[in-house]
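**Q** Heads up, the sequence shown is in my numbering, so the first residue is 4 and it goes up one at a time.
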Amino acid sequence: MIDKKHKAYVYADAVVNEQVTAPKYVKLQCKEFMRIANNKDKEYMLDDKKITLIGELLKLMVMPKGVRVGESIYNCLAGFQWLLIIATLCTVHRDNPNKRRYENVILEICRKNGKTFLVAVLFILLFFIEPKFSKFYSVAPDGTLSREIKSAIEEIRLASPALMGKYDGQQKFKVLRDYILCNITNSKYIPLNYSNSRLDGRLPNVFLVDETGALPNTYAIEAMRSGQLTILNKLGFIISTKYPTASNPFEDEVLYAKRVLNGAVDDDKIFSLLYEPDDVKGWATNDEVLEHANPLALEVVQVMDDLKDKRQKAIEMESKRENFITKHCNIIYSGVGSESFINIADLKRGAVNEIEWSGRQVFVGVDLSMSNDNCAVSMVSFDEDTNRLLTHSMAFIPEDKIEEKSRLERIPYQDFIKSGFCIPCGYRTVDYGVIEKYVEELASMYDVTVMSLGYDRYNALSSAQKWEEFGIDCVEIKQHSSVLHPATKWIAELIEDGRLVYDKRNKLLEINFENAKCTYDTNMNRYVNKKKSNGKIDMTVSTINAAFLSYQDNLLNRCIDWAVQY
């Protein structure tokens, strides 16, 4: 069991108890670490011998530069750096202590927070704790950036007497232009130039993808991961600051890590420290934004002072604003005007074990996308006794694309199919006939009365005509902010109050809501924007369409009640 005075434990404990300022996803990860550190996890534990070994190795390393030059790195590491090192390298399976828990590590952190230095320290540690003949690779958007880590390793080596000199008649480290070889363990670190096609064929025990947000696609990440199939203790680090675009490989990794931390996806092999602020609007006045995104600034006063100087310049000079907000606040500046639709924690307050639908009047909303993409059907019913909106949502995906979509979107569709919240139909395209039949059977399936159905004519006109013939009152809902704003606002308010009720097993609905981003038009009408959203939001859109009809019905009833009272 880890010493409670260990810096990793002290930092995680302080974050959990809110003695150290940290964003919500870091708090969630720290809670998980503390559960293991306090010996309360049945599957995983911390390897005490490995913790001791790492501590002794760090005592031999010396700070090569900076305000604490010449001091032991053991004494200079910040709390979050200790946490990352100990959690990723020392968390092991109880039934097999030789097997590490974590295989994927995500670090989202601002510039000038010791990121390159931390990675260099990690690679030096790995030279000594990984098996002999291991291979370590780093990939970055360009070769110069990738070799920054090699330079940082070399600086630490040259500053540390214990890492210099000979061992068994050989130099401890052999440093060439293209790699660093540790002659003690015959392990090699190689910085790679970025390529869109030449990164396959490697066998990395450990890899690092740096500044992942600047990569044009996911090729580098997938090439490294695919090369680890036969490695027992495979490990990959994905590290980056924010970049101006919300669509990049790093944001995909961050979104997946958030799903894991939120409990929407089960994946015990990922460890993430996501230092992005909870408040993405108050960068100009809220010091907590800087504290959330810059953990080093909480321990090094000079860093915080410098950040505040930069913030003042960004306030006064618009030309400096984008760089400051993106790189020093971890906020996507191009996303100003767009924001997360809801807080997933608020949504989960409405999760229940079961909803009694029998005898209720419901409104149905559909989102029929292109036939080769996801579609969704939702029904809602407003419960006047509890003042809550009950909702049920079903997704439809092409049956022949289940594995492909699961891999590309990193969503376990097979699990959601088994749990009954996703229906595979068709082959490479969705079978609209299955969706049409599902809607027609809703009334008998749930013993409800379908009052009306809302649809967008773009892809649903033919289906709507069939539903009309079946006897369902269909209402075309124009997909425009001026029309959808009231229902969108209503849904958001219900979620904030914990009054949107759904089946807690429907994790796919949670993912859809978490993906959704909303924007404002010139009249400040709020609407969910598919193009700016991260991933699929079909269930969110169909729920809003259904809520639009319910909102109109409630508004009409209130007007009638008012007229009668008058």
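No residue lacks a Cβ here, since even glycine has one placed at the ideal position from N, Cα and C.
In the structure shown, what three-state DSSP assignment does T394 receive?
**A** Counting from 1 along the sequence shown, the entry for residue 394 is found at position 391. T394 falls in the strand class under three-state DSSP.
**Q** Let's see if you can read the secondary structure: which residues bound the alpha helix (DSSP H) around M382?
**A** Against the sequence shown, residue 382 aligns to sequence position 379. Premise fails: M382 lies in the beta strand (DSSP E), C378 to D386, not in any alpha helix (DSSP H).
**Q** Assuming L277 and A260 form a contact by the criterion Cβ under 8 Å, report the distance between their Cβ atoms to the nearest whole angstrom.
**A** On the sequence shown, residue 277 is found 274 positions in, with the first residue counted as 1. On the sequence shown, residue 260 is found 257 positions in, with the first residue counted as 1. So it is a contact: roughly 6 Å between Cβ atoms.
**Q** For A123, write down the residues that DSSP places opposite it in a beta bridge.
**A** Within the sequence shown, numbered from 1, the residue matching residue 123 stands at position 120. In DSSP, A123 forms no bridge with anything.
**Q** Residues in its own chain within less than 8 Å of A226 by CB, not counting five upstream and five downstream?
**A** Numbered from its first residue, the sequence shown carries residue 226 at position 223. Answer for A226: L202, D203 and R205, listed in chain order.
**Q** Measure the CB-CB distance between K115 and H295 and report whether it falls below 9 Å.
**A** What you label residue 115 is simply residue 112 of the sequence shown in a count that begins at 1. What you label residue 295 is simply residue 292 of the sequence shown in a count that begins at 1. Contact flag unset, no.
**Q** Do S141 and R130 have their beta-carbon atoms positioned less than 9 Å apart in this structure?
**A** Here the question's residue 130 lines up with position 127 in the sequence shown. Here the question's residue 141 lines up with position 138 in the sequence shown. The sequence as given places Phe at residue 130; Arg does not occur at that position. No, the Cβ-Cβ distance between F130 and S141 is not below 9 Å.
**Q** Have a look at D434 and F399 and give me their C-alpha separation to the nearest angstrom.
**A** Locating residue 434 in the sequence shown gives position 431, counting from the first residue. Locating residue 399 in the sequence shown gives position 396, counting from the first residue. Their Cα atoms are separated by approximately 9 Å.
**Q** Give the range of the beta strand (DSSP E) segment to which P194 is assigned.
**A** The residue given as residue 194 occupies position 191 in the sequence shown. Residues S190 to L195.
**Q** Whose C-beta lies closer than 6 Å to the C-beta of E158 among residues of the same chain, with five residues either side of it excluded?
**A** Position 155 of the sequence shown holds residue 158. Here the set comprises P67.
**Q** How close, in whole Å, do the beta carbons of L393 and N462 come, if the pair is a contact with beta carbons under 8 Å?
**A** Numbered from its first residue, the sequence shown carries residue 393 at position 390. Numbered from its first residue, the sequence shown carries residue 462 at position 459. Rounded, the Cβ-Cβ distance is 26 Å, inconsistent with contact.
**Q** May I ask which residues mark the beginning and end of the beta strand (DSSP E) holding Y458?
**A** Taking the first residue of the sequence shown as 1, we reach residue 458 at position 455. For Y458, the enclosing beta strand (DSSP E) stretches over residues T452 to Y458.
**Q** Counting along the chain, where does the beta strand (DSSP E) carrying C521 start and finish?
**A** Start at 1 with the first residue of the sequence shown, and residue 521 comes out as number 518. Boundaries of the beta strand (DSSP E) around C521: K520 to Y523.
**Q** Going by DSSP, name the residue or residues bridged to G239.
**A** Taking the first residue of the sequence shown as position 1, residue 239 is located at position 236. DSSP lists N107 and F210 as partners of G239.
**Q** Give the straight-line distance between the Cα atoms of S250 and K534, rounded to the nearest whole angstrom.
**A** In the sequence shown, the residue the question calls residue 250 occupies position 247. In the sequence shown, the residue the question calls residue 534 occupies position 531. A direct Cα-to-Cα measurement between S250 and K534 gives close to 10 Å.
**Q** Which one or two residues does DSSP pair with P427 in a beta bridge?
**A** For the purposes of this step, residue 427 is taken as the residue at position 424 of the sequence shown. Answer is I400, bridged to P427.
**Q** Measure the Cβ-Cβ separation of S384 and V451 and say whether it is below 9 Å.
**A** Within the sequence shown, the letter at position 381 stands for residue 384. Within the sequence shown, the letter at position 448 stands for residue 451. Their beta carbons are under 9 Å apart, which means S384 touches V451 by this criterion.
**Q** Which residue from I183, D271, I335 and Y197 puts its Cα closest to that of K245?
**A** Taking the sequence shown and counting its residues from 1, one reaches residue 245 at position 242. Minimum Cα distance to K245 is reached at I335.
**Q** In whole angstroms, give me the CA-to-CA distance for L552 and E412.
**A** The count along the sequence shown starts at 1 and reaches residue 552 at position 549. The count along the sequence shown starts at 1 and reaches residue 412 at position 409. Rounded to whole angstroms, L552 to E412 spans 31 Å at the Cα level.
**Q** My guess is that P219 and K138 are in contact by the Cβ rule of under 8 Å, so how many angstroms apart are they, rounded?
**A** By 1-based counting over the sequence shown, the position of residue 219 is 216. By 1-based counting over the sequence shown, the position of residue 138 is 135. That belief does not hold up - the Cβ atoms of P219 and K138 are roughly 25 Å apart, past 8 Å.
**Q** Could you spell out where the alpha helix (DSSP H) holding C93 opens and where it closes?
**A** Locating residue 93 in the sequence shown gives position 90, counting from the first residue. G82 to C93 is the span of the alpha helix (DSSP H), which, as asked, contains C93.
**Q** Could you spell out the range, first to last residue, of the alpha helix (DSSP H) harbouring C332?
**A** Here residue 332 refers to the residue found at position 329 when the sequence shown is read from its first residue. Where C332 is concerned, the enclosing alpha helix (DSSP H) stretches over R324 to C332.
**Q** Helix, strand or coil, according to DSSP, for V292 in the structure here?
**A** Residue 292 sits at position 289 when you count from the first residue of the sequence shown. V292 falls in the helix class under three-state DSSP.
**Q** Over the uninterrupted beta strand (DSSP E) stretch that includes S141, give me the two end residues.
**A** Translated into positions along the sequence shown, residue 141 becomes position 138. Segment K138 to V142, the beta strand (DSSP E) holding S141.
**Q** Is it right to say S275 is buried, meaning 16 or more other beta carbons lie within 10 angstroms of its own, or is it exposed?
**A** For the purposes of this step, residue 275 is taken as the residue at position 272 of the sequence shown. Label assigned to S275: buried.
**Q** So for F344, helix, strand or coil by DSSP?
**A** Position 341 of the sequence shown, counted from the start, is the residue given in the question as residue 344. It is coil, neither helix nor strand.
**Q** For A15 versus A40, is the C-beta spacing smaller than 9 Å?
**A** Against the sequence shown, residue 15 aligns to sequence position 12. Against the sequence shown, residue 40 aligns to sequence position 37. For A15 and A40, yes; Cβs fall inside 9 Å.
**Q** Would A155 pass as a contact of I88 if the rule is Cβ separation under 9 Å?
**A** Numbered from 1 along the sequence shown, position 152 holds the residue referred to as residue 155. Numbered from 1 along the sequence shown, position 85 holds the residue referred to as residue 88. Going by C-beta atoms, A155 is not nearer than 9 Å to I88.
**Q** Where do the N-terminal and C-terminal ends of the beta strand (DSSP E) with Q364 fall, by residue?
**A** As a position in the sequence shown, residue 364 is number 361, starting the count at 1. Its beta strand (DSSP E) spans residues Q364 to L371.
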